[in-house]
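Asks: The structure is given below, and queries will be raised subsequently.
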Amino acid sequence: MTSALQIVLGKKVCLDIAQVVRWKKASTSKDEPPCVRYAASFAGYGFYGDVITESEKYRWMGPARYDFAGTKVFLRHSSYEAEVTYLEFADSKKASLGEDGGGPVNSWTKAALRVGSRKKPERAVCRANCDVCNLKGSETSEGGMCERSDEESPYSSRRWLKSKGQFLSIGGAIISCRNERAPDGLIADAHLSDGFLHLILIKDCPHASYLWHLTQLAKKGGCPLDFQFVEHHKTTAFTFTSFGKESTWNIDGEPFQAHQLSAQVFRGLVTMFATGPEV
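Here full-length UniProt numbering is used: the sequence shown runs in plain steps of one and ends on residue 279.
Put into structure tokens, the structure is as follows:
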């Protein structure tokens, strides 16, 4: 009934979509054609990929298999070596490991104590008639698609930055991904149609520190990004290459094997009849 009303009233919102291209399935692959997938909400590697792979063994458990698989993967605490490059965005908020985004972290206790120690920034949460999503988007009279202006070209006068090391997880959130386990989502101020994804890199760290990070995710008003072993980059595109032991990618809940891939966001690629999030 609600959907029918949205159509009758002509209420529309645009959604960003990420194009994920696998260039190599394995390090030994040769002459392999690119494989394209699309993500509407999230693409994750490491912890996220391991959970979806592990959960496939317990399909008979129903939805409870995700909690069970997540616990097993958390206790395993596997990290994976990888190199991630991403397109620079000047206003990106990030909690990095240093000026170059790499290198070991010396004091995990100090990192943990940072949580909640500073005033939280104002969050521009996406909602119905969102000003951020509507800022540079426009609807065409024919198709109703949101268009990207020329000045928004994702590759204009920006640098590619690199982060390499051992990662517990690598995640690209296109939207906030709010759910009952994470009331604020992975990124509280992610938007449906701003043309960006949020790259979240979780460096290898002690078990207790990672648990603290997950606890912050599960808490309303938490600060899951406020750790020294967490990098957060707002970007329009990134590339990924794995080294040594490999995990699996999780593309909107579907496993996807890739040794080398790239991802790019297309602003407002899909239009749907809705009013936007009610927060």
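Beta carbons are placed, not taken as given, at the ideal position from N, Cα and C, and that holds for glycine.
Could you give the distance in angstroms between the alpha-carbon of residue 81 and the alpha-carbon of residue 178?
Replies: The sequence position of residue 81 within the sequence shown is 81, counting from 1. The sequence position of residue 178 within the sequence shown is 178, counting from 1. For residue 81 and residue 178, the distance between alpha carbons rounds to 28 Å.
Asks: For the alpha helix (DSSP H) holding residue 134, just list the boundary residues, first then last.
Replies: Position 134 of the sequence shown, counting from 1, holds the residue named residue 134. Residue 134 -> alpha helix (DSSP H) spans 131-134.
Asks: DSSP three-state label for residue 32, please.
Replies: Within the sequence shown, residue 32 is the residue found at index 32, counting from 1. Three-state DSSP puts residue 32 in coil, outside helix and strand.
Asks: Buried or exposed: where does residue 129 fall if 16 or more other Cβ atoms within 10 Å of its Cβ makes it buried?
Replies: Locating residue 129 in the sequence shown gives position 129, counting from the first residue. That one is exposed.
Asks: Which of helix, strand or coil does DSSP assign to residue 125?
Replies: As a working mapping, residue 125 is identified with position 125 in the sequence shown. Residue 125 falls in the coil class under three-state DSSP.
Asks: For a quick check, are the C-beta atoms of residue 263 and residue 84 less than 8 Å apart?
Replies: In the sequence shown, residue 263 corresponds to position 263, counting from 1. In the sequence shown, residue 84 corresponds to position 84, counting from 1. It is not a contact, given that the beta carbons lie outside the stated cut-off.
Asks: Terminal residues of the continuous beta strand (DSSP E) containing residue 202?
Replies: The residue you call residue 202 lines up with position 202 of the sequence shown. Taken as a continuous stretch (DSSP letters only), the beta strand (DSSP E) holding residue 202 covers 197-203.
Asks: By DSSP, does residue 76 sit in helix, in strand, or in coil?
Replies: Against the sequence shown, residue 76 aligns to sequence position 76. In the structure shown, residue 76 sits in a helix (DSSP, three-state: H, G or I).
Asks: Name the two residues that bound the continuous beta strand (DSSP E) containing residue 264.
Replies: The sequence position of residue 264 within the sequence shown is 264, counting from 1. Residues 260-273.
Asks: Helix, strand or coil, according to DSSP, for residue 242 in the structure here?
Replies: Position 242 of the sequence shown holds residue 242. Residue state, collapsed to three classes: strand.
Asks: Is DSSP giving residue 170 helix, strand or coil here?
Replies: Here residue 170 refers to the residue found at position 170 when the sequence shown is read from its first residue. Strand, per DSSP.
Asks: Flag this pair as yes or no: are the beta carbons of residue 208 and residue 22 separated by less than 8 Å?
Replies: Here residue 208 refers to the residue found at position 208 of the sequence shown. Here residue 22 refers to the residue found at position 22 of the sequence shown. It is not a contact, given that the beta carbons lie outside the stated cut-off.
Asks: Less than 8 Å between the beta carbons of residue 249 and residue 43, yes or no?
Replies: Residue numbering aside, residue 249 sits at position 249 when the sequence shown is read from its first letter. Residue numbering aside, residue 43 sits at position 43 when the sequence shown is read from its first letter. Yes, the Cβ-Cβ distance between residue 249 and residue 43 is below 8 Å.
Asks: Identify the continuous beta strand (DSSP E) that holds residue 16 and give its terminal residues.
Replies: Here residue 16 refers to the residue found at position 16 of the sequence shown. 12-24 is the extent of the beta strand (DSSP E) around residue 16.
Asks: Apply the 10 Å Cβ neighbour rule to residue 73 and answer buried if 16 or more other Cβ atoms are within range, or exposed otherwise.
Replies: As a first step, residue 73 is located in the sequence shown; it is residue number 73 there, counting from the start. So residue 73 ends up on the buried side.
Asks: For residue 165 and residue 28, I'd like the C-alpha separation in whole angstroms.
Replies: Translated into the one-based positions of the sequence shown, residue 165 becomes position 165. Translated into the one-based positions of the sequence shown, residue 28 becomes position 28. If you take the alpha carbons of residue 165 and residue 28, they lie about 21 Å apart.
Asks: If residue 14 sits next to residue 163, beta carbons under 8 Å apart, how far is it from one beta carbon to the other, in whole angstroms?
Replies: Residue 14 sits at position 14 when you count from the first residue of the sequence shown. Residue 163 sits at position 163 when you count from the first residue of the sequence shown. Rounded, the Cβ-Cβ distance is 30 Å, inconsistent with contact.
Asks: Between the alpha carbons of residue 180 and residue 31, how many angstroms are there, rounded?
Replies: Position 180 of the sequence shown holds residue 180. Position 31 of the sequence shown holds residue 31. Straight-line Cα distance between these residues: approximately 43 Å.
Asks: Below 6 Å CB to CB, which residues in the same chain sit around residue 53 once its five sequence neighbours on both sides are set aside?
Replies: Locating residue 53 in the sequence shown gives position 53, counting from the first residue. Excluding residues within five positions, the ones whose Cβ falls inside 6 Å are 248, 255.
Asks: How far does the alpha helix (DSSP H) with residue 236 in it extend, from its first residue to its last?
Replies: Translated into the one-based positions of the sequence shown, residue 236 becomes position 236. Residue 236 -> no alpha helix (DSSP H), and no H or E assigned at all.
Asks: Got a sec, what are the start and stop residues for the alpha helix (DSSP H) residue 89 sits in?
Replies: Locating residue 89 in the sequence shown gives position 89, counting from the first residue. From DSSP, residue 89 is part of no alpha helix (DSSP H); its letter is neither H nor E.
Asks: Would you list the residues sitting across from residue 46 in a DSSP beta bridge?
Replies: Taking the sequence shown and counting its residues from 1, the one referred to as residue 46 is at position 46. According to DSSP, residue 46 bridges with 169.
Asks: For the alpha helix (DSSP H) containing residue 212, list its first residue and its last residue.
Replies: What you label residue 212 is simply residue 212 of the sequence shown in a count that begins at 1. Residue 212 -> alpha helix (DSSP H) spans 207-217.
Asks: Is the separation between the beta-carbon of residue 46 and that of residue 161 shorter than 8 Å?
Replies: Locating residue 46 in the sequence shown gives position 46, where the first residue counts as 1. Locating residue 161 in the sequence shown gives position 161, where the first residue counts as 1. Cβ atoms of residue 46 and residue 161: not closer than 8 Å.
Asks: Helix, strand or coil, according to DSSP, for residue 68 in the structure here?
Replies: Position 68 of the sequence shown, counted from the first residue, corresponds to residue 68. Residue state, collapsed to three classes: helix.
Asks: Please classify residue 265: is it buried, with 16 or more other beta-carbons within 10 angstroms of its beta-carbon, or exposed?
Replies: For the purposes of this step, residue 265 is taken as residue 265 along the sequence shown, with counting starting at 1. Burial call: buried.
Asks: State the CB to CB distance for the pair residue 232 and residue 198, rounded to an integer number of angstroms; the pair is presumed to be in contact (CB under 8 Å).
Replies: The residue you call residue 232 lines up with position 232 of the sequence shown. The residue you call residue 198 lines up with position 198 of the sequence shown. Right, the Cβ-Cβ distance comes to about 6 Å (below 8 Å), so this counts as a contact.
Asks: How close, in whole Å, do the beta carbons of residue 308 and residue 227 come, if the pair is a contact with beta carbons under 8 Å?
Replies: No answer is possible for residue 308: it lies beyond the span of the chain, which begins at 1 and ends at 279.
Asks: Please report the Cβ distance between residue 196 and residue 236, rounded to the nearest whole angstrom; I am assuming they are in contact, meaning their Cβ atoms lie under 8 Å.
Replies: Taking the sequence shown and counting its residues from 1, one reaches residue 196 at position 196. Taking the sequence shown and counting its residues from 1, one reaches residue 236 at position 236. Yes, residue 196 and residue 236 are in contact; Cβ-Cβ is about 6 Å, under 8 Å.
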